[in-house]
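Here the protein sequences come in this chain order: A and B. Residue numbering for the first sequence follows numbering that gives the first Met the number 0, beginning at 0 and increasing consecutively. Residue numbering for the second sequence follows numbering that gives the first Met the number 0, beginning at 0 and increasing consecutively. Here is the structure we will look at.
Number of protein chains: 2
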Amino acid sequence: MPHIVLLGTCDTKLAELLYLRSQILESGGPTCKVTFVDVGRTPSAHEHIDVRQDILAIEYAPESGAKDVASLPRGEVIRYMIACATKWLAEAYTKGLKDPDAAIHGCINAGGTGNTSLASAVMREVLPIGLPKLIVSTNASGDMGPIVGESDVTMMYSVCDIAGLNYLLRRILSNASGAIAGMAQAYERSLAASPQGVNLQQKKRVGLTMFGVTTSCVDKIRDHLESNYDIECFVFHCTGAGGRAMERLVSEGVLEAVLDITTTEICDQLCGGVMDAGPLRLEAPLKAGIPYIVSVGATDMVNFGPRSTVPERYQQRNLYEHNPTVTLMRTNAEECRAIGDFIVKKIKHCTKDAAQVQVVLPLGGVSMIATPGGPFHDAESDEALFSTIRAGLKGSKVLIVEDERTINDQGFAVDVAERLIHLMGLSRMGAPQRMQ
Amino acid sequence: MPHIVLLGTCDTKLAELLYLRSQILESGGPTCKVTFVDVGRTPSAHEHIDVRQDILAIEYAPESGAKDVASLPRGEVIRYMIACATKWLAEAYTKGLKDPDAAIHGCINAGGTGNTSLASAVMREVLPIGLPKLIVSTNASGDMGPIVGESDVTMMYSVCDIAGLNYLLRRILSNASGAIAGMAQAYERSLAASPQGVNLQQKKRVGLTMFGVTTSCVDKIRDHLESNYDIECFVFHCTGAGGRAMERLVSEGVLEAVLDITTTEICDQLCGGVMDAGPLRLEAPLKAGIPYIVSVGATDMVNFGPRSTVPERYQQRNLYEHNPTVTLMRTNAEECRAIGDFIVKKIKHCTKDAAQVQVVLPLGGVSMIATPGGPFHDAESDEALFSTIRAGLKGSKVLIVEDERTINDQGFAVDVAERLIHLMGLSRMGAPQRMQ
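So, in structure tokens, the structure goes:
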């Protein structure tokens, strides 16, 4: 019995949403259920609307109090309805966790730019990664970074405007109905196969952060962990979204330990690069108190797009064109001190269990191109980073490990992996379990 | 019997692709069929691979001749395999049009950046809009403009790297299998309901191009056409992808007439704006010889993102901040001449049937903000545009209509709509059909 939540603005797109609803019911089969939630600006009346806009706007108003939605400016309407719909969906989702008959197996929306912002914010906030989410959008052939973020919202381009049920839009919405119904059924099957969700999984789940220039380190760690221990690795590319996804999966309880080899997103956060994971990087694993090893992979670089897009103020810096669409900038000593400071502050303020946290510094070089002879070799800047971390964490209970090797040294990789194993209290497969 | 094509690089991701294949077969039910095509760099051997990489690379080599794929640099490998896979898929798709037992109902791929580029290029090139396409990508939480383009490739973010079948990736791939199987089933149903595809549709299909500043014109036209004639309208936002989608749907035979009210994408093509539809804009409707009315809506503006992203060379120009993420630049007389030239050249070189083409110039103003008193009112630049078109098309058989009203004048909208009706040879609903 797949149960799908349909979010839509009924004041502007009722006919299209009703068509989508009918198609979902057809695709989902006789036991499929749709809960149709009106997130429009003004209330609409229709027998198929299950949660009316006025109920949402009043009974699910944010803490700050209910507002007269129709009188708000457009941007405010969206923010307000995000708050209301988030509150409603969180309640419905939580109810479904306790009562299988009310469980939610998918969430869908269709609309223009404003609609997409609204629905994606609600889905990202409430629904865990892995729970099917689909948005049909006039906007999907563009930059989806702010829309998808670190979540798995699937995006379908509507091609033409979602206004008027023409031949093409009917087909697109029909495809979307098949997609969400099929996803919801697959999700329901996977829940049934493992009713307690992740808890029944036997393998330990370890997150690893990677970049092109730290790949051989991360590949070696993954190989070592998966060959010798009952572990499955989750590798995240440090694209901004990748680091945030890793942190989110820690918060959701999916990841049980993290080897944060590559923390380059801090550079982009501080220097305005394109792979910025936001100001909260490192916080989730520290706050969770799980085994967590932090290194400084690729902190020699800030990422930009094509060379022409590198900001004016950086044009005279040491720039390296990785390919026509990726330009890297070498971080200087001042920036490296700031990066070190960022790491120190997060560890000092967010660490729940200092015994579970270690910082590993590969003194021989923090990336493939920062070793002697490489285009980003700069011992002075590296030392600014290392000494800031050393000084900042002096007297803390967090262990700092200094290793003369480079980050991609295969021995370094194995040793870091073994450090994590030790923190996790694991034994080799086949060997008796170590006391925990 | 949904039939789904699975494109994948088996040399690097065989285990993940085999898992995806098995999940699709489970989601699609007992009659579901998967054709698994290996688009990797080197051949892999597995009983479930239906089209081997070496067959693809040799028997479907491009006209320029077969190459030793493994010896090519990475970028070349992708280009070469795009050519081979495109040739194979075009053959398979065409075969399916003739033989229902071989029909294709969906296409899916999963992989990293290179994989996504490869698969999206093949799908965009071969498969019509409306035929289900899904890509699971490490890349989907980013700029999908170049990937989705004017097509309806649906994008699912893999969240973690597609390497190693961990708990999360299994769930994501399982969701993807449900999505493509469900879409393919919905598509198959919609084909069965209308076996000849678009040809059985009764209503005439008219494309309209729109921008925020020409919305009241386009809304009025749509209302007039749909209320009075057996017509369904397809509205396209001029986002670059939107204009290209309109042109593509003309080429695919979906649109039977076009009112190209808003040709602002030409400004972005010529001046480096963000809503560039490429250099081929206007060509498809002209070459198709269908009823086609071109106007100059929103040619007063080039689109950029936030003000800080407007190129240095334009910072002193007349800029208008529509909102924090959209900055408009007024086109000047020189640029307007170039825009006029673009329109003239396309009409001169691409028109198949001059009797079906008209150019309509709203002399009172080309957008909501270009009328007297508006921030982009500039009679001199407008006149540069109008006179270039007048002079350029002098002596051609294409009718130029000059109208003193503004583009958003409701009477102007109705008159333009009626011009198209006349070209299409339609009568009002209920009235006897006019002789064609």
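Glycine included, C-beta positions come from ideal geometry on N, C-alpha and C.
- Secondary structure note for Phe303(B): its beta strand (DSSP E) is the uninterrupted segment 300-303.
- Here DSSP, grouped into helix, strand and coil, assigns Leu425(A) to coil.
- Excluding five sequence positions before and after Lys86(A), the CB atoms of its chain that fall closer than 6 Å to its own CB belong to Tyr59, given in chain order.
- Close CB contacts of Thr238(A) within its chain, under the 6 Å cut and outside five residues either way in sequence, are with Met274 (chain order).
- Distance from Met209(A) to Ile260(A) at the Cβ level is roughly 7 Å; contact confirmed, criterion being Cβ atoms closer than 8 Å.
- Here the segment 203-219 of chain B makes no contact with the segment 112-123 of chain B; the two share fewer than three CB pairs at distances below 8 Å.
- The criterion of a C-beta distance shorter than 9 Å is not satisfied by Val356(B) and Ile406(B).
- Per DSSP, reduced to three states, the secondary structure at Phe233(A) is strand.
- When the beta-carbon positions are compared, Val147(B) and Gly110(B) stay at least 9 Å from each other.
- Between Gln184(A) and Gly177(B) a beta carbon distance of about 6 Å is seen, short of the 8 Å cut, so the two are scored as contacting.
- For Pro361(B), the enclosing beta strand (DSSP E) starts and ends at 356-361.
- Residue contact with chain B for Cys216(A): absent (no Cβ-Cβ distance below 9 Å to any residue of chain B).
- The straight-line gap separating the alpha-carbon atoms of Arg280(B) and Pro323(B) is approximately 28 Å.
- Ala256(B) has Val205(B) as its beta-bridge partners, per DSSP.
- Collapsing the DSSP output to three states places His45(A) in coil.
- Straight-line spacing of the CA atoms in Ile220(B) and Ser294(B) works out to 13 Å.
- Around the beta-carbon of Arg51(A), 16 or more other beta-carbon atoms lie within 10 Å, marking it buried.
- Taking a cut-off of 8 Å for Cβ pairs, the segment 411-424 of chain B and the segment 386-395 of chain B do not touch, as fewer than three such pairs fall below it.
- Secondary structure of His2(B) (DSSP, three-state): strand.
- Within 8 Å of the CB of Cys232(B), the CB atoms of chain A belong to Gly163, Asn165, in sequence order along the chain.
- The residues Gly39, Arg40, Thr41, Ser43, in chain order, have a CB closer than 6 Å to that of Asp10(B) in the same chain once the five nearest residues on each side in sequence are set aside.
- With 16 or more other Cβ atoms from the protein chains shown falling within 10 Å of its own Cβ, His236(B) counts as buried.
- Using a Cβ-Cβ cut-off of 8 Å, Phe210(A) is close to nothing in chain B; its nearest Cβ partner there is about 11 Å away.
- Non-local C-beta neighbours of Gln315(A) in its own chain, meaning closer than 6 Å and more than five positions away in sequence, are absent.
- When secondary structure is reduced to three states using DSSP, Leu281(A) falls in the coil class, being assigned neither helix nor strand.
- For Leu168(A), the closest C-alpha among the options Leu384(B), Ala244(B), His2(B), Ser140(B) is that of Ala244(B).
- CA-to-CA, the gap between Gly288(A) and Glu264(A) works out to about 22 Å.
- Under the Cβ criterion of 9 Å, Tyr186(B) is counted among the residues facing chain A.
- At a C-beta separation below 9 Å, Phe411(B) has no neighbours in chain A, since its nearest C-beta there lies roughly 21 Å away.
- Looking only at Pro305(A), Asn227(A), Ile338(A), the smallest Cα-Cα distance to Ala416(A) is reached by Asn227(A).
- Rounded to the nearest whole angstrom, the C-alpha separation of Gly296(B) and Thr262(B) is 6 Å.
- Secondary structure note for Asp402(A): its beta strand (DSSP E) is the uninterrupted segment 398-402.
- Interface residue (Cβ-Cβ distance to chain A less than 9 Å): Met122(B) is not classified as such.
- At a cut-off of 9 Å, the C-beta of Glu246(A) has no neighbouring C-beta in chain B.
- Less than 9 Å divides the Cβ of Thr326(B) from the Cβ of Glu320(B).
- Glu379(A) and Ser380(B) have their C-alpha atoms spaced approximately 56 Å apart.
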